[in-house]
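As structure tokens, the structure follows; a few thoughts come after it.
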Amino acid sequence: MGPVLVTGGAGSVGKRVVQRLCKEGYTVRVFDLPNMDYTGLEGVVGIEVLRGDITQLTSVHQAVEGVRAVIHLAALLPPASEQRRELTFAVNVEGTARVAEALKRTNPDAPLVFSSSVSTYGDTTGVKPPVMVDHSQQALDIYAESKIAAEGSLRESYPNAVILRISGVSV
1 MGPVLVTGGA
11 GSVGKRVVQR
21 LCKEGYTVRV
31 FDLPNMDYTG
41 LEGVVGIEVL
51 RGDITQLTSV
61 HQAVEGVRAV
71 IHLAALLPPA
81 SEQRRELTFA
91 VNVEGTARVA
101 EALKRTNPDA
111 PLVFSSSVST
121 YGDTTGVKPP
131 VMVDHSQQAL
141 DIYAESKIAA
151 EGSLRESYPN
161 AVILRISGVS
171 V
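So the sequence shown is residues 1 to 171, counted in my numbering.
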């Protein structure tokens, strides 16, 4: 069986996901931008590094080829996401659609795990906890708006997608 693809696999969360997958015995394909820091990933048995760009169809098709599953972490995050709306949507929305489309063509049964964000709920300070998955979404910034749009695209186009709304935790 093929590797698990981790888009954004050279980022801080991505590296942790890759390490965990390897520990569990999976082979992993890391897909991220060429200028990322691949320390601890290159030359490691069970990890294939593929440099590319989520906005480039050819790169994405190469990344999904032969994979058993995708964990899609690649995204433009704040504060950079708030400075360039067009690029944020190209990466976060169109890039996500590109991954789903490429996966549909090569392995439509493969699960796709998408990292969204609790920021899609907007300001929940006045909401009695817990905020549930069916809570209305209201973007307060470009990043959240892009994640809401990407979620909608996945729900319509890729039935094997799982959407996780991740939250940062400060300790």
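Heads up, the beta-carbon is just placed ideally off N, CA and C, and yes, glycines get one too.
No experiment lies behind these values; they were computed from the predicted model shown.
Beta-carbon proximity list for residue i, same chain, < 7 Å, skipping 5 on both sides
i   : result
G95 : I54, T55, A74
S59 : G52, D53
H61 : A102
L87 : L76
Whole-Å CB distance - residue i paired with residue j, under 8 Å assumed
i    : j    : result
V49  : V70  : So it is not a contact: roughly 16 Å between Cβ atoms.
A100 : S157 : 5 Å
T124 : V131 : 5 Å
is_contact[residue i, chain C] using C-beta, thresh 8 Å
i    : result
V133 : Going by chain labels, chain C is absent from the structure shown, which holds only one protein chain.
Given residue i as reference, the closest of the options once Cα atoms are compared
i    : options               : result
R85  : D141, L57, P130, G126 : D141
P3   : I47, P34, R155, N35   : I47
A63  : V113, V6, V133        : V6
N35  : L21, K23, A110, G8    : G8
R98  : L33, H72, L76, D37    : H72
S136 : R68, P129, Y121       : Y121
V162 : F114, V133, H61       : F114
D32  : V18, G11, G25, E24    : G11
A139 : R155, V28, S119       : S119
S153 : D134, N92, A80        : N92
R68  : L57, K104, V45, D37   : K104
Same chain, Cβ closer than 8 Å to residue i, neighbours up to 5 away in sequence not counted
i    : result
S117 : Y143, A144, K147, R165, I166, S167
N160 : P108, D109, A110, P111, L112
L57  : R98, A102
Residues near residue i by beta carbon distance below 6 Å, same chain, minus five either side
i   : result
P78 : Y143
G66 : G2
G14 : V6, G8, L73
Residue i beta carbon near the ligand FMN (any heavy atom closer than 7 Å)
i   : result
V93 : In terms of ligand content, the structure shown is empty, and the ligand FMN therefore cannot be addressed.
State whether the region 25-44 contacts the region 134-151, with contact taken as three or more CB pairs (one from each stretch) at a distance under 8 Å.
-> With a cut-off of 8 Å, the region 134-151 and the region 25-44 do not count as touching, because too few Cβ pairs lie within range.
For the region 22-76, which segments carrying the alpha helix (DSSP H) assignment without a break, of at least 4 residues, lie completely within its bounds, in sequence order?
-> If we require 4 residues or more, the alpha helix (DSSP H) runs fully inside the region 22-76 come out as 57-64.
What alpha helix (DSSP H) runs, 4 residues minimum, are completely inside the region 69-113?
-> List check, alpha helix (DSSP H) in window: 80-83, 85-89, 95-106.
Counting only runs that start and end within the region 141-165, where is the alpha helix (DSSP H) found for 4 or more residues in a row?
-> Fully contained in the region 141-165 are the following alpha helix (DSSP H) runs of length 4 or more, in chain order: 142-157.
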